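Enquirer: Chains as they are written, first to last, in this note's numbering: chain A, 16 to 178; chain B, 16 to 178.
2 protein chains.
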Amino acid sequence: MEPLQMTPIGWVRSPHAETSSIPTGPNAMHTAEGVLDIRPDLEAGLTDIEGFSHLYVLWAFHRSDGYDLMTTPPSDNRPHGLFATRTPRRPNPIALSVVELLRRDGHRLHVRGVDMLDGSPILDLKPYLSSVPEDRLRRGWLAEAEQDGKRRENEKCKIQNEK
Amino acid sequence: MEPLQMTPIGWVRSPHAETSSIPTGPNAMHTAEGVLDIRPDLEAGLTDIEGFSHLYVLWAFHRSDGYDLMTTPPSDNRPHGLFATRTPRRPNPIALSVVELLRRDGHRLHVRGVDMLDGSPILDLKPYLSSVPEDRLRRGWLAEAEQDGKRRENEKCKIQNEK
Numbered sequence: 016m017e018p019l020q021m022t023p024i025g026w027v028r029s030p031h032a033e034t035s036s037i038p039t040g041p042n043a044m045h046t047a048e049g050v051l052d053i054r055p056d057l058e059a060g061l062t063d064i065e066g067f068s069h070l071y072v073l074w075a076f077h078r079s080d081g082y083d084l085m086t087t088p089p090s091d092n093r094p095h096g097l098f099a100t101r102t103p104r105r106p107n108p109i110a111l112s113v114v115e116l117l118r119r120d121g122h123r124l125h126v127r128g129v130d131m132l133d134g135s136p137i138l139d140l141k142p143y144l145s146s147v148p149e150d151r152l153r154r155g156w157l158a159e160a161e162q163d164g165k166r167r168e169n170e171k172c173k174i175q176n177e178k
Numbered sequence: 016m017e018p019l020q021m022t023p024i025g026w027v028r029s030p031h032a033e034t035s036s037i038p039t040g041p042n043a044m045h046t047a048e049g050v051l052d053i054r055p056d057l058e059a060g061l062t063d064i065e066g067f068s069h070l071y072v073l074w075a076f077h078r079s080d081g082y083d084l085m086t087t088p089p090s091d092n093r094p095h096g097l098f099a100t101r102t103p104r105r106p107n108p109i110a111l112s113v114v115e116l117l118r119r120d121g122h123r124l125h126v127r128g129v130d131m132l133d134g135s136p137i138l139d140l141k142p143y144l145s146s147v148p149e150d151r152l153r154r155g156w157l158a159e160a161e162q163d164g165k166r167r168e169n170e171k172c173k174i175q176n177e178k
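1. State the Cα-Cα distance for the pair Glu48(A) and Arg101(A), rounded to the nearest angstrom.
2. Rounded to a whole number of angstroms, what is the C-alpha to C-alpha distance between Arg28(B) and Pro55(B)?
3. Please classify Leu140(A): does DSSP put it in a helix, a strand, or coil?
4. Looking only at C-alpha atoms, which of Leu116(B), Leu138(B), Arg123(B) sits nearest to Phe67(B)?
5. Here's the rule: buried if 16 or more other CB atoms are within 10 angstroms of the residue's CB, otherwise exposed. What is Asn92(B)?
6. Rounded to whole angstroms, what is the Cα-Cα separation between Leu57(B) and Arg123(B)?
7. Between the alpha carbons of Leu70(B) and Gly134(A), how many angstroms are there, rounded?
8. So for Thr34(B), helix, strand or coil by DSSP?
9. Starting from Pro186(A), find everything on chain B with Cβ-Cβ shorter than 7 Å and list it in chain order.
10. Buried or exposed for Lys171(B), going by 16 or more other Cβ atoms inside 10 Å?
11. For a test of the three-state rule: what should DSSP assign to Gly96(B), helix, strand or coil?
12. Is the Cβ of His95(A) closer than 7 Å to any Cβ of chain B?
13. Which same chain residues, not among the five before or five after Phe98(A), have their C-beta less than 6 Å away from its C-beta?
14. Does Asp139(B) get closer than 7 Å to chain A when you measure Cβ to Cβ?
15. Any idea if Trp156(A) is buried or exposed, counting beta-carbon neighbours within 10 angstroms, 16 or more meaning buried?
16. Quick one: is Asp63(B) near chain A, going by C-beta distance under 7 Å?
17. Run down chain B in chain order and give the residues with a C-beta less than 7 Å from the C-beta of Gly60(A).
18. How would you call Ala75(B), buried or exposed, if buried means at least 16 neighbouring beta carbons within 10 angstroms?
19. Does any residue of chain B bring its CB to less than 7 Å from the CB of Pro30(A)?
20. What's the C-alpha gap between Arg119(A) and Glu177(A)?
21. List, in order along the chain, the chain A residues whose C-beta lies closer than 7 Å to that of Ala75(B)?
22. With distances taken between CB atoms, is the gap from Val126(A) to Leu61(A) smaller than 7 Å?
23. Enumerate in chain order the residues of its own chain whose CB-to-CB distance from Asp83(B) is below 7 Å, with the five nearest sequence positions on each side excluded.
24. Give the DSSP-derived three-state secondary structure of Ala75(A) in the structure shown.
25. With C-beta atoms as the reference, is Asp130(B) less than 7 Å away from Ile109(A)?
26. Who does Gly49(A) pair with in a DSSP beta bridge?
27. Using the Cα positions of Ile37(B) and Thr34(A), report the straight-line distance between them to the nearest angstrom.
28. For the beta strand (DSSP E) that contains Arg118(B), what are its first and last residues?
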C-alpha cells in the first residue's frame with residue numbers, strides 16, 4: 016500500500032477566507048467568483064480549456080487533519096458514514112467542485128461557483144462532460160439512436176450504390 | 016509547494032485487465048460491472064452509502080508516468096492542453112468516474128460503469144449529488160470533434176453515392 020505523492024498544480028483565489036463564510040448543505044448556492052491560479056509552467060496545459068463552460072476542480076482540504084468513520088453533516092442531525100458525505104475529514108482530503116469557467120487570462124482561470132477556501136491547493140482540472148447519470152441514462156438510447164442512424168445511413172449508401 | 020501524501024482506501028476489481036479493453040471516446044459506453052473493494056478498516060465509513068444510486072470514484076492512474084502539456088486524445092486528431100482532456104498522463108494522475116451503485120456487500124461495493132483498470136487504487140468516494148443543466152453546458156473541442164466526425168462520415172457517404 017504505497018502512498019501516492021501529489022503536488023499542487025495551482026492555488027485557489029477565493030473570497031472565502033474562513034470556512035464559516037462558505038454556504039453548506041444540499042441547497043447551498045455557490046455563486047462566488049474566484050480565480051484558479053495555475054502554475055505558469057503548466058499554462059500550455061490549459062490550451063482550449065476556454066471552450067468548456069464548466070470544469071471539475073480537484074483540490075485539497077489543506078486545513079483538514081484526520082478523519083472519523085461516522086460524521087454528522089450540517090444538512091442532517093444523524094450520523095452517516097464519511098464516504099456517504101462530503102466532509103473534509105476524509106482519509107484522503109480531496110475535494111471535488113464543479114465551477115463555471117468565465118474566462119481564461121493566461122495561466123489564470125476566472126470561475127463562478129467557488130466553494131473553496133482562499134489558498135486551497137489545486138490538484139487537477141478536468142472538462143466537465145457528461146459523467147452525469149441523467150445524461151448517461153439518456154445517452155443509453157441516444158447512443159443506440161446514433162448507431163441506428165449510422166446504420167440507416169450506411170444502408171442508404173448501399174442502396175444508392177446498387178442503383 | 017509541499018507534496019501531499021495519498022493512501023489508497025481500496026482497489027478496483029474490474030474486468031478490464033488492459034487499457035486496450037476499455038472503451039474510449041465521446042460515445043464510449045461503460046456498462047462493465049465491477050467491485051470497489053474498500054479496506055475492511057474503513058467499512059463503517061460506507062454506512063448509508065447504499066442510499067445513493069450513483070457515486071463519484073476518485074482513483075489513481077497507477078500505470079501512468081509523467082505528462083505532456085499538449086496531448087491528442089483518441090476522440091480527435093488535433094492536440095489540446097492536457098487539462099482540456101482526460102488523458103491519464105497528468106501532473107497528478109487522478110481519475111474521476113461516475114458509477115452506478117448496484118449493492119453493498121460489507122466493505123465491497125458492486126457497481127456498474129467501470130472504466131477502470133483492474134487493481135487501480137481508489138483514493139476517495141463521494142455521493143453523486145447534482146449536475147449542470149444541459150442547456151448551460153458547452154463541451155469545447157469535443158463538440159467540434161464530434162461534428163467533424165459526422166461531417167466526415169456524411170462526405171464519405173456522398174463519395175460512395177457518387178461512385
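For glycine and all other residues, C-beta sits at the position ideal for the given N, C-alpha and C. Since the model is a prediction, treat every value here as computed from it, not as a measurement.
Expert: By the coordinates alone:
1. Along the first sequence, read from residue 1 onward, the residue named residue 48(A) stands at position 33. Along the first sequence, read from residue 1 onward, the residue named residue 101(A) stands at position 86. Distance between the alpha carbons of Glu48(A) and Arg101(A) is about 21 Å.
2. The count along the second sequence starts at 1 and reaches residue 28(B) at position 13. The count along the second sequence starts at 1 and reaches residue 55(B) at position 40. In a straight line, the C-alpha of Arg28(B) is about 15 Å away from that of Pro55(B).
3. Start at 1 with the first residue of the first sequence, and residue 140(A) comes out as number 125. Residue state, collapsed to three classes: strand.
4. On the second sequence, residue 67(B) is found 52 positions in, with the first residue counted as 1. Nearest of Leu116(B), Leu138(B), Arg123(B) to Phe67(B), Cα basis: Leu116(B).
5. Locating residue 92(B) in the second sequence gives position 77, where the first residue counts as 1. Exposed.
6. Taking the first residue of the second sequence as position 1, residue 57(B) is located at position 42. Taking the first residue of the second sequence as position 1, residue 123(B) is located at position 108. The alpha-carbon atoms of Leu57(B) and Arg123(B) are separated by roughly 11 Å.
7. To locate residue 70(B), count along the second sequence from 1; it is residue 55. To locate residue 134(A), count along the first sequence from 1; it is residue 119. Between Leu70(B) and Gly134(A), the C-alpha separation is close to 28 Å.
8. The residue given as residue 34(B) occupies position 19 in the second sequence. Helix, per DSSP.
9. This structure cannot speak to residue 186(A), because chain A is shown only from 16 to 178.
10. For the purposes of this step, residue 171(B) is taken as residue 156 along the second sequence, with counting starting at 1. Burial call: exposed.
11. Reading the second sequence from its first residue, position 81 is the one you call residue 96(B). Here Gly96(B) sits in strand by DSSP.
12. By 1-based counting over the first sequence, the position of residue 95(A) is 80. Closer than 7 Å to the CB of His95(A) there is at least one CB belonging to chain B.
13. Taking the first sequence and counting its residues from 1, one reaches residue 98(A) at position 83. If we look at Phe98(A) and ignore the five residues flanking it on each side, it has no Cβ neighbours.
14. Counted from its first residue, the second sequence places residue 139(B) at position 124. Yes - at least one Cβ of chain A is within 7 Å of the one on Asp139(B).
15. Locating residue 156(A) in the first sequence gives position 141, where the first residue counts as 1. Note that Trp156(A) has pLDDT 26, beneath the 50 cutoff, so the model's placement of it is unreliable and the number below is only indicative. Exposed, by the Cβ-count rule.
16. Translated into the one-based positions of the second sequence, residue 63(B) becomes position 48. Yes - at least one Cβ of chain A is within 7 Å of the one on Asp63(B).
17. Numbered from its first residue, the first sequence carries residue 60(A) at position 45. From the beta-carbon of Gly60(A), the residues of chain B found nearer than 7 Å are Leu84, Gly96, Leu97, Phe98.
18. Taking the second sequence and counting its residues from 1, one reaches residue 75(B) at position 60. Ala75(B) is buried by the Cβ-count criterion.
19. Start at 1 with the first residue of the first sequence, and residue 30(A) comes out as number 15. No, Pro30(A) lies away from the interface with chain B (no Cβ there is under 7 Å from its Cβ).
20. Looking up residue 119(A) in the first sequence gives position 104. Looking up residue 177(A) in the first sequence gives position 162. Using only the alpha carbons, I get a separation of about 53 Å.
21. Position 60 of the second sequence, counted from the start, is the residue given in the question as residue 75(B). Going along chain A in sequence order, the residues near Ala75(B) (Cβ under 7 Å) are Leu19.
22. Indexing the first sequence from 1 puts residue 126(A) at position 111. Indexing the first sequence from 1 puts residue 61(A) at position 46. No. Outside cutoff.
23. For the purposes of this step, residue 83(B) is taken as residue 68 along the second sequence, with counting starting at 1. Taken in chain order, the residues that qualify are Leu97, Arg104.
24. On the first sequence, residue 75(A) is found 60 positions in, with the first residue counted as 1. Residue state, collapsed to three classes: strand.
25. The count along the second sequence starts at 1 and reaches residue 130(B) at position 115. The count along the first sequence starts at 1 and reaches residue 109(A) at position 94. Contact: no.
26. Numbered from 1 along the first sequence, position 34 holds the residue referred to as residue 49(A). Gly49(A) is bridged to Val126(A).
27. Along the second sequence, read from residue 1 onward, the residue named residue 37(B) stands at position 22. Along the first sequence, read from residue 1 onward, the residue named residue 34(A) stands at position 19. Looking at the two C-alpha atoms, the distance is approximately 40 Å.
28. For the purposes of this step, residue 118(B) is taken as residue 103 along the second sequence, with counting starting at 1. Run containing Arg118(B): 109-120, per the beta strand (DSSP E) assignment.
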